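Take a look at the structure below.
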Amino acid sequence: GGRAIYAGYSMGGRLCLRLALDHPELVHGLVLVSTSPGIADATERAQRVASDETLARDVEHGGVDAFLARWLAQPMFAGVRPDAPGVRERAGLTAAFVAACLRVLGAGAMEPMWDRLDELAMPIVVVTGTRDAKYGAIATAMIERMRTGVVHLRLEGGHALPQEQPARLAELVSMFAAEHG
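Under our numbering, the letters of the sequence shown match residues 107 to 287, in that order.
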């Protein structure tokens, strides 16, 4: 999309992070929501690839609706209402698309970026939910490796902030864009 401020959630945040590292001239600023720079440990990465392959096969055989029901039943998505923004849109995705995302863009499949975080020089805000201990800890570890000036904001909620706090998150992104755009 050209030079811009990029915002991404979870897998989307990981993609924005990859863009910022590979093409920093395109990224004027980053908003990373519930994002991880990948899995550093090779054994854990291999286990995640195998787990994602199982999920990919499940969605191919059982369909997207059954996959989403199981996915959203995980504790990390406990705060997501069935009518939350984006839930219905996800149900409209094809099984082939969801399976491909798991295989190609999963945290195990993508090259980890931990060792390159200190290369980021643009304004960055990292956003996590107050009830998302795992990604809160990841955010803290990421910020320790980044240059100074990175802001960590915590919004009330769990991992799925775009579904749990859509208005507050949109406001935060708008304020960041206004300040750094």
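Glycine included, every Cβ here is placed at the ideal spot set by N, Cα and C. Owing to the predicted nature of the structure, the values given are computational and were not obtained by experimental measurement.
Cβ pair residue i, residue j closer than 8 Å
i: ARG151; j: MET219; result: no
i: PHE183; j: VAL204; result: no
i: ALA113; j: VAL279; result: yes
i: SER140; j: HIS258; result: no
i: LEU132; j: VAL170; result: no
i: ILE230; j: GLY135; result: yes
Neighbourhood of residue i by C-beta, 7 Å cutoff - its chain only, sequence neighbours within 5 removed
i: LEU223; result: PRO143, MET248, ARG251, MET252
i: ARG154; result: ILE145, GLY212, ALA213, GLY214
i: ALA162; result: ALA205, LEU208, ARG209
Rounded C-alpha distance that separates residue i from residue j
i: VAL137; j: HIS167; result: 35 Å
i: ARG187; j: GLU270; result: 8 Å
i: LEU275; j: ALA201; result: 29 Å
i: ALA283; j: GLU277; result: 10 Å
i: ARG286; j: ALA227; result: Checking the sequence shown, residue 286 turns out to be His, not Arg. Approximately 13 Å between the Cα atoms of the pair.
Outcome for residue i when other beta-carbon atoms lying within 10 angstroms are tallied against a minimum of 16
i: ALA179; result: exposed
i: PRO130; result: exposed
i: ASP158; result: buried
i: GLY255; result: exposed
i: ALA119; result: Sequence check: residue 119 is Gly here, not Ala. Buried, since its Cβ has 16 or more Cβ neighbours within 10 Å.
i: THR160; result: exposed
Host beta strand (DSSP E) of residue i (start-end)
i: ILE111; result: 110–115
i: ARG260; result: 257–261
Unbroken alpha helix (DSSP H) run spanning residue i, endpoints
i: THR236; result: Here THR236 belongs to no alpha helix (DSSP H), and DSSP marks it neither H nor E.
i: LEU174; result: 170–178
i: VAL133; result: VAL133 -> not in any alpha helix (DSSP H); beta strand (DSSP E) instead, spanning 133–139.
i: MET281; result: 272–286
i: ARG68; result: The structure shown does not extend to residue 68, since the chain is modelled only from 107 to 287, so the question has no answer here.
i: ALA146; result: Per DSSP, ALA146 belongs to no alpha helix (DSSP H) and is neither H nor E.
i: ALA213; result: Element bounds for ALA213: n/a, residue is neither H nor E.
8 Å CB neighbourhood of residue i in its chain, flanking five on each side removed
i: GLY192; result: PRO268, GLN269
i: GLU225; result: LEU127, PRO130
6 Å CB neighbourhood of residue i in its chain, flanking five on each side removed
i: THR236; result: ARG260, GLU262
i: SER116; result: SER140
i: ASP238; result: GLY264, HIS265
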